[in-house]
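Take a look at the structure set out below.
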Amino acid sequence: MLFNSFDFAIFLPIVFTLYWLSRKSVKLQNLIIVISSYVFYGWWDWRYLFLFILSITTAYITGRWMDTVEDRRQRLWILLSCIILNFGILGYYKYANFFVANFVDVVRFFGMSLSVDRLNVILPVGISFYTFQAMGYTIDVYRRDLKAAHNYIEFTAFISFFPQLVAGPIERAANLLPQFKTARHFNGVEASDGMRQILWGLFKKVVVADNAAVVVNAVFANVGAQSGSTLALGIVLFAFQIYGDFSGYSDMAVGVGKLFGITLMKNFATPYFSRDIAEFWRRWHISLSTWFRDYVYIPMGGNRKGYARTVVNTMVLFLVSGLWHGANWTFVAWGAANALLFLPLVLRRQNRKHLDIVAKGKLLPNARELGEMLLTFTLSTLAWVFFRAVSIQQALQYFKGLFSLSLFQLPTLTLDIGVAIFAISVLVVVEWLGREGSYALERVGLVQSRPVRWAIYYAVLGLVIAFGVSSQAFVYFQF
Amino acid sequence: MKNFLTKLMLFLLPIVLAGGLAEGALRSIPNDYATKAKAVIDKAESLEVLFFGSSHTLYGIDPSVMSIEGYNLAHPSQSIDLDYRLYQRFAPQLPNLSTVVITVSSFSLFSTLATGLEQWRLANYAMYYDLKLPWSLENQTELFSNAFKTSALKLWRYYVSNQNPIWINDFGFQAKPASTTLDFTESAILAASRHTYSDWSALEQQTQALTEFVASVTAKGQRVILLIPPATAAYVERISAAQMTKTREIIQGLAESNALVTVLDLLSDDRFELGDFYDADHLNQQGAHKLSELLDSLITTTP
Chain A
0 MLFNSFDFAI FLPIVFTLYW LSRKSVKLQN LIIVISSYVF YGWWDWRYLF
50 LFILSITTAY ITGRWMDTVE DRRQRLWILL SCIILNFGIL GYYKYANFFV
100 ANFVDVVRFF GMSLSVDRLN VILPVGISFY TFQAMGYTID VYRRDLKAAH
150 NYIEFTAFIS FFPQLVAGPI ERAANLLPQF KTARHFNGVE ASDGMRQILW
200 GLFKKVVVAD NAAVVVNAVF ANVGAQSGST LALGIVLFAF QIYGDFSGYS
250 DMAVGVGKLF GITLMKNFAT PYFSRDIAEF WRRWHISLST WFRDYVYIPM
300 GGNRKGYART VVNTMVLFLV SGLWHGANWT FVAWGAANAL LFLPLVLRRQ
350 NRKHLDIVAK GKLLPNAREL GEMLLTFTLS TLAWVFFRAV SIQQALQYFK
400 GLFSLSLFQL PTLTLDIGVA IFAISVLVVV EWLGREGSYA LERVGLVQSR
450 PVRWAIYYAV LGLVIAFGVS SQAFVYFQF
Chain B
0 MKNFLTKLML FLLPIVLAGG LAEGALRSIP NDYATKAKAV IDKAESLEVL
50 FFGSSHTLYG IDPSVMSIEG YNLAHPSQSI DLDYRLYQRF APQLPNLSTV
100 VITVSSFSLF STLATGLEQW RLANYAMYYD LKLPWSLENQ TELFSNAFKT
150 SALKLWRYYV SNQNPIWIND FGFQAKPAST TLDFTESAIL AASRHTYSDW
200 SALEQQTQAL TEFVASVTAK GQRVILLIPP ATAAYVERIS AAQMTKTREI
250 IQGLAESNAL VTVLDLLSDD RFELGDFYDA DHLNQQGAHK LSELLDSLIT
300 TTP
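These protein sequences, in sequence, are chains A and B.
Residue numbering for the first sequence follows numbering that gives the first Met the number 0, starting at 0 and increasing by one per position.
Residue numbering for the second sequence follows numbering that gives the first Met the number 0, starting at 0 and increasing by one per position.
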């Protein structure tokens, strides 16, 4: 079920009503969350519910088991068996064909003949998200950072909470699980804030991302025929497409969470206003970046074990993060490109230089900040070429075309491009003005005059209706 | 909670009202679907022939030049399953119906409107022909089946610019001008690419629809003409040979097993010249008259 679908427009009010009618019983509210989350997930393909339930149940049993075992070594074995099972399922559905194809290529490279049929499997929606959420929990319990959940329904509600189930944020048990243990009380201000955030997320998805996608798809469908300037425009539009798509989903997820009295973590913090790549990665897909930081990078030693280990750890972090996005060398190359951009900062201990928001309290950035933001945007956008390309060859062809003399020609302008640029301009202005809030429109809620507030909402809604492209799936569903 | 819901309702009320008004205004605009649905009922007592198909039929057959009473029930991208459903919808009300002409183009057995690029047209069949479609806002409303821009333009053209939205004549035929600005080769490349399907998953469903359609018509003692419409050589050279072979195999099979079924294969018929075409695969008015006279002759002279 897509957030931007009619099905969801019916589903949400029904669940909302049932949930708050049951406000006197936390157990009943959790049960409603679980059932509605299963319906939400099963709407796509009910057969994969069994896989989902298996993942939840193994994580729950593992947690309970580890809670009773004092010996760390024994706990480690329990943890590993759970991780192997869950990452095994993820690996089978997501990476089996990729690894088999590469194995066949290697065998053929050595002159041997081998033919293996592709596995006929469909990637279950959201498997990377819920597997990581469940595994984060088991690692926390293993480390004794968290007490194991003792209520299966509460635990299931934590893993399956439908707003964040299929595309994150990848929640931490320490944040989300306690919220399912305590009574939730309806808060009108919070619910209004949630609606506002949903509206902004919808704008980012159906106006910005989906209009940009129309142009981007056309550009990438025929890379060889495009001028350098059109390719430049294409990849800039893709940078906003992927941002609008994913951060739009996250905004809607967080907004829906607020309607149910649940606070989900912030997943994006205006990443394109970053002054270096390290800041960009602190602001982009925060829930995944921090997951890898806490469960991969830091346990490997982070940047505390000398230059060589820092280089290795950073490369591993970004390569694994790239591979998480999909079973294709393009994602690995995208991860590697970001690692190469990030490494100089971490080796010079400059990676925590920009911890605050740019031009805080000011209307405009200074020239230096503007230059830094433009450079960071350019570098991250160039890396997106790998992410969007269907193959390494296409990415290289893209770069070849991009850095040609035709870069200085005027790109072919169409109405679609005009609409996409207009949508992006609105996004950039509103996000800049609202960059100090938890999302761009948050401050609108502080405007005292209701007519002004509503005029802003109607304006955004008007853009959604006038320029929205309907029913495009979310890019991150495929991850 | 009460305060929140009240505010939400108040906020949504103008949107719902505006949407309802726009939907009503859009449905009040005359259109080809509603016009044809009404025309068939109005002419029910006298209609002898019905012509089904996609744009190849809509622009290609003009019953007004025929000696028999016919009506063109084709619409752009109308697939065979919808032809059949329209026949089921109207046939019981047509006491004098004796012949049904079904156009089977190179793509007809390999595509459905519901899964094609023009699926937004599907809602018209629910709204104006009262066909039952799976319930969704996209399938049942003008507002949700079209892009906002399309709806806004429709409203503007009809209510502000006073443009006539009806292009068909009293017999359901829409005339195309002499020729398009594209040259025939360019138009053939585009059309052939649009009409070639690597995925043949619709074949079974459409073959079944055609078979049931033919069986249903002939069971009433009515005659069926399965027409492969004329096209330019540029188009014929470029369409999928596999699709054409399969199409001919299926319709010949239907004709061989039923004496009331005739196949009229005009795809490369040399009676049609370049001057008869609007583009690579659509007849212009002159070509439509030629095809209509040919069909008239076939229907009236063959027992």
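We treat Cβ as the ideally placed atom computed from N, Cα and C, and that holds for glycine.
Measure the alpha-carbon distance for residue i versus residue j and round it to whole angstroms.
i                      : j                      : result
residue 239 of chain B : residue 109 of chain B : 11 angstroms
residue 119 of chain B : residue 182 of chain B : 29 angstroms
residue 161 of chain A : residue 206 of chain B : 42 angstroms
residue 24 of chain B  : residue 176 of chain B : 30 angstroms
residue 235 of chain B : residue 99 of chain B  : 25 angstroms
residue 174 of chain B : residue 127 of chain B : 22 angstroms
residue 385 of chain A : residue 434 of chain A : 28 angstroms
residue 420 of chain A : residue 67 of chain B  : 56 angstroms
residue 461 of chain A : residue 264 of chain B : 51 angstroms
residue 57 of chain A  : residue 87 of chain A  : 13 angstroms
residue 244 of chain A : residue 156 of chain A : 25 angstroms
residue 302 of chain A : residue 375 of chain A : 22 angstroms
residue 183 of chain A : residue 337 of chain A : 41 angstroms
residue 168 of chain B : residue 233 of chain B : 30 angstroms
residue 451 of chain A : residue 440 of chain A : 13 angstroms
residue 407 of chain A : residue 417 of chain A : 19 angstroms
residue 13 of chain A  : residue 185 of chain A : 16 angstroms
residue 249 of chain B : residue 256 of chain B : 11 angstroms
residue 166 of chain B : residue 297 of chain B : 28 angstroms
residue 221 of chain A : residue 390 of chain A : 13 angstroms
residue 329 of chain A : residue 382 of chain A : 10 angstroms
residue 99 of chain A  : residue 333 of chain A : 21 angstroms
Is it the case that the Cβ atoms of residue i and residue j are separated by a distance below 7 angstroms?
i                      : j                      : result
residue 240 of chain A : residue 211 of chain A : yes
residue 20 of chain B  : residue 96 of chain B  : no
residue 5 of chain A   : residue 136 of chain B : yes
residue 379 of chain A : residue 279 of chain A : yes
residue 422 of chain A : residue 206 of chain A : yes
residue 142 of chain B : residue 22 of chain B  : yes
residue 266 of chain B : residue 59 of chain B  : no
residue 105 of chain A : residue 113 of chain A : no
residue 251 of chain A : residue 286 of chain A : no
residue 48 of chain B  : residue 225 of chain B : no
residue 85 of chain A  : residue 117 of chain A : no
residue 65 of chain B  : residue 295 of chain B : yes
residue 192 of chain A : residue 444 of chain A : yes
residue 167 of chain A : residue 200 of chain A : no
residue 164 of chain B : residue 30 of chain B  : yes
residue 147 of chain B : residue 455 of chain A : no
residue 82 of chain B  : residue 51 of chain B  : yes
residue 3 of chain B   : residue 187 of chain A : yes
residue 116 of chain B : residue 125 of chain B : no
What residues are listed by DSSP as bridge partners for residue i?
i                      : result
residue 98 of chain B  : B:48 and B:222
residue 66 of chain A  : In the DSSP output, where bridge partners are listed per residue, residue 66 of chain A has none listed.
residue 71 of chain B  : B:50
residue 282 of chain B : B:276
Please tell me whether, using a cut-off of 6 angstroms, the distance from the CB of residue i to the nearest non-hydrogen atom of the ligand MG is below it.
i                     : result
residue 49 of chain B : Of the ligands one can find in the structure shown there are none, so the ligand MG has no counterpart to examine.
How close, in whole Å, do the beta carbons of residue i and residue j come, if the pair is a contact with beta carbons under 8 angstroms?
i                      : j                      : result
residue 243 of chain B : residue 54 of chain B  : Not confirmed; about 18 angstroms, so no contact.
residue 290 of chain A : residue 131 of chain A : 6 angstroms
residue 249 of chain A : residue 267 of chain A : 6 angstroms
residue 170 of chain A : residue 163 of chain A : 6 angstroms
residue 125 of chain A : residue 189 of chain A : At roughly 26 angstroms, the Cβ-Cβ gap does not stay under 8 angstroms, so residue 125 of chain A and residue 189 of chain A are not in contact.
residue 54 of chain A  : residue 93 of chain A  : 13 angstroms between Cβ atoms; not a contact.
residue 70 of chain B  : residue 42 of chain B  : 6 angstroms
Leaving aside the five residues before and after residue i along the sequence, list all residues of the same chain whose C-beta is less than 8 angstroms from its C-beta, in chain order.
i                      : result
residue 331 of chain A : 318, 321 and 322
residue 372 of chain A : 271, 272, 273, 274, 357 and 364
Excluding the 5 residues flanking residue i on each side, which residues of the same chain have their C-beta closer than 7 angstroms to its C-beta?
i                      : result
residue 140 of chain A : 62, 65, 66 and 147
residue 230 of chain B : 266, 279 and 280
residue 199 of chain B : 109
residue 94 of chain B  : 44
residue 208 of chain B : 79, 80 and 83
By Cβ distance below 6 angstroms, which residues in the same chain neighbour residue i in space, the five residues on each side in sequence not counted?
i                      : result
residue 201 of chain B : 109, 110 and 111
residue 430 of chain A : 269 and 439
residue 172 of chain A : 136, 139 and 145
Checklist entry - Using Cβ-Cβ distances below 7 angstroms, what residues of the region 159–189 of chain B are close to chain E? => result The chain labelled as chain E is not found among the protein chains of the depicted structure, namely A and B.
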